[in-house]
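Peer 1: Can you keep this structure in mind? I'll have questions shortly.
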Amino acid sequence: MSTPTTARTPYVIGLKRGWIEFKHSVMSTDIIGFLFPTLIAVIVILFLRDVDVEGAPVSLGSMSLPSLLGMNLVFGGLAGLAGQIITEREDGTMLRAKSIPGGMTSYVMGASVSSSIFISFSIALILIPGVMLFPGVSFASPTSWLLVVLVTVFSLAATMPIGVVLGSMFTNPRLMGLVMFPIMGMTAISGIFYPITALPGWLQGIAQVFPMYWAGLGMRSALLPDSMAAVEIGGSWRHLETFGVLGIWALIGLVLAPILLRRMVRKESGSAVAERQERSAQRGGPR
């Protein structure tokens with residue numbers, strides 16, 4: 001009877017750790033740093049509430065709000081976990097987790113739970129006032145609730161393992177720019193702030209490879225009138241394609257993340273951490 005209990009322990013610890021990390025983030029300045037760019041984006045699209053899009057029954061601002069939620073899901077899932085792993089690898093947190101039986105399992109579980117709650121919390125903070133401020137954005141029907149939940153779950157499942165992969169590949173927090181630039185590129189071509197059908201066909205094809213477009217499309221399908229599908233590719237919300245592509249990315253991440261994470265953990269040692277901290281101090285210069 002002790003074996004199942006022992007096997008469950010890292011997951012229980014991970015759940016508790018994730019909840020503690022989330023509460024710490026909410027009480028600290030972390031939430032301000034995460035929400036500030038999004039709040040700026042919301043203010044910008046408020047000025048687009050009266051900007052019409054040809055053939056669309058709602059304004060450009062109302063069209064952009066659900067897309068912004070999809071962007072936050074992908075951005076948080078990729079950059080959030082990647083940044084945490086890179087930073088905590090350098091400061092020795094990862095090494096301490098490695099030294100405890102089941103420590104890496106509880107560490108990854110805790111980071112994933114914390115990020116998931118944090119991202120969902122930020123989505124709610126934007127969505128609740130957004131429904132009142134943007135005409136045409138509706139969250140009233142059971143279908144809307146179900147789609148928002150499903151898109152959130154699938155988007156996080158598609159992006160968080162990839163965030164672990166990216167975090168396992170870099171050792172220097174300053175290299176996060178290498179993670180951010182591709183995400184910004186995905187945002188630019190994924191129809192987040194303007195209908196993707198306005199882009200050249202080859203860019204539309206590239207955008208549809210990545211989760212950003214599908215997360216935004218899924219949120220638009222949940223929160224906008226059905227008639228808005230007319231301005232989308234193929235004139236349809238394409239729910240099957242949405243969950244199919246996000247599911248494929250989730251499978252890719254779940255295959256790659258354990259392999260790269262194990263390889264990274266094997267390389268962790270006290271001397272490696274000390275060397276990275278010394279390089280970091282040298283980059284900071286004399287005080």
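One point on numbering: in UniProt numbering, the residue at position 238 of the sequence shown is 238, and numbering is uninterrupted.
Glycine included, each C-beta is placed from N, C-alpha and C at the ideal position.
Quick check on the burial criterion: 16 or more other C-beta atoms within 10 angstroms. Buried or exposed for W249?
Peer 2: Walking along the sequence shown from the start, residue 249 turns up at place 249. A buried status is given to W249, since no fewer than 16 other beta-carbon atoms sit within 10 Å of its beta-carbon.
Peer 1: Assuming L60 and V74 make a contact with CB atoms under 8 Å, what is their CB distance in whole Å?
Peer 2: Taking the sequence shown and counting its residues from 1, one reaches residue 60 at position 60. Taking the sequence shown and counting its residues from 1, one reaches residue 74 at position 74. Not quite, the Cβ-Cβ distance comes to about 21 Å (not below 8 Å), so this is no contact.
Peer 1: Alpha carbon to alpha carbon, what distance is there between S64 and L127?
Peer 2: Looking up residue 127 in the sequence shown gives position 127. Looking up residue 64 in the sequence shown gives position 64. Cα to Cα, L127 sits roughly 12 Å from S64.
Peer 1: Which value, in whole angstroms, describes the spacing of the CA atoms of G253 and L260?
Peer 2: As a working mapping, residue 253 is identified with position 253 in the sequence shown. As a working mapping, residue 260 is identified with position 260 in the sequence shown. Cα to Cα, G253 sits roughly 10 Å from L260.
Peer 1: So, does the CB of L166 fall closer than 9 Å to a CB anywhere in chain D?
Peer 2: Among the protein chains of the structure shown there is no chain D, as only one such chain exists.
Peer 1: Which of helix, strand or coil does DSSP assign to D50?
Peer 2: Here residue 50 refers to the residue found at position 50 when the sequence shown is read from its first residue. Note: D50 maps to coil in three-state DSSP.
Peer 1: Taking the CB atoms as reference points, tell me whether S112 and M160 lie closer together than 9 Å.
Peer 2: The residue you call residue 112 lines up with position 112 of the sequence shown. The residue you call residue 160 lines up with position 160 of the sequence shown. In this structure, M160 lies closer than 9 Å to S112 by Cβ.
Peer 1: Using a Cβ distance threshold of 8 Å, determine whether the stretch 86-105 contacts the stretch 118-137, with at least three qualifying pairs required.
Peer 2: No contact exists between the stretch 86-105 and the stretch 118-137.
Peer 1: Alpha carbon to alpha carbon, what distance is there between K16 and A97?
Peer 2: Translated into the one-based positions of the sequence shown, residue 97 becomes position 97. Translated into the one-based positions of the sequence shown, residue 16 becomes position 16. Cα to Cα, A97 sits roughly 15 Å from K16.
Peer 1: For T5, count neighbouring Cβ atoms within 10 angstroms of its own Cβ and tell me buried if that reaches 16, exposed if not.
Peer 2: Your numbering for residue 5 matches position 5 in the sequence shown. At T5, the pLDDT of 45 sits below 50, so the modelled position is not reliable; the number obtained from the coordinates is stated separately. Under this definition T5 is an exposed residue.
Peer 1: Please work out which residues of its chain come closer than 7 Å, Cβ to Cβ, to A41, disregarding the five sequence neighbours upstream and downstream, and give them in chain order.
Peer 2: Position 41 of the sequence shown, counting from 1, holds the residue named residue 41. The answer, listed in chain order, is L68.
Peer 1: May I ask you to report which of helix, strand or coil DSSP gives S168?
Peer 2: Here residue 168 refers to the residue found at position 168 of the sequence shown. Here S168 carries a helix assignment [DSSP, helix/strand/coil].
Peer 1: Taking the alpha-carbon of V265 as reference, which of V165, M71, A215 and G14 has the nearest alpha-carbon?
Peer 2: Within the sequence shown, residue 265 is the residue found at index 265, counting from 1. It is V165 whose Cα lies nearest to the Cα of V265.
Peer 1: At what residues does the alpha helix (DSSP H) containing V245 begin and finish?
Peer 2: Sequence index remark: in the sequence shown, residue 245 carries index 245 (1-based). H239 to K267 is the extent of the alpha helix (DSSP H) around V245.
Peer 1: Mind checking which residues open and close the alpha helix (DSSP H) that includes I85?
Peer 2: Taking the sequence shown and counting its residues from 1, the one referred to as residue 85 is at position 85. Segment L81 to E90, the alpha helix (DSSP H) holding I85.
Peer 1: S120 by DSSP, collapsed to three states: which one?
Peer 2: For the purposes of this step, residue 120 is identified with residue 120 of the sequence shown, where counting begins at 1. S120: helix per DSSP, three-state reduction.
Peer 1: Does the distance from the CB of S25 to the CB of S114 come in under 9 Å?
Peer 2: The count along the sequence shown starts at 1 and reaches residue 25 at position 25. The count along the sequence shown starts at 1 and reaches residue 114 at position 114. The answer is yes: Cβ separation under 9 Å.
Peer 1: Measure the C-alpha to C-alpha separation of P129 and P66 and round it to an integer number of angstroms.
Peer 2: Stepping through the sequence shown from its first residue, residue 129 is reached at position 129. Stepping through the sequence shown from its first residue, residue 66 is reached at position 66. Roughly 12 Å between the two C-alpha positions.
Peer 1: Less than 9 Å between the C-beta atoms of F154 and F22, yes or no?
Peer 2: By 1-based counting over the sequence shown, the position of residue 154 is 154. By 1-based counting over the sequence shown, the position of residue 22 is 22. No, Cβ-Cβ distance for F154 and F22 is not below 9 Å.
Peer 1: Taking three-plus beta-carbon pairs below 8 Å as touching, is the stretch 141-157 in contact with the stretch 216-226?
Peer 2: yes
Peer 1: DSSP beta-bridge partners for S59?
Peer 2: In the sequence shown, residue 59 corresponds to position 59, counting from 1. Per DSSP, D52.
Peer 1: Hey, how far is the Cα of A79 from the Cα of G244?
Peer 2: Taking the sequence shown and counting its residues from 1, the one referred to as residue 79 is at position 79. Taking the sequence shown and counting its residues from 1, the one referred to as residue 244 is at position 244. So the two alpha carbons sit approximately 23 Å from each other.
Peer 1: How should I20 be labelled, buried or exposed, when 16 other C-beta atoms within 10 angstroms of its C-beta is the threshold for buried?
Peer 2: Counted from its first residue, the sequence shown places residue 20 at position 20. With fewer than 16 other Cβ atoms within 10 Å, it is exposed.
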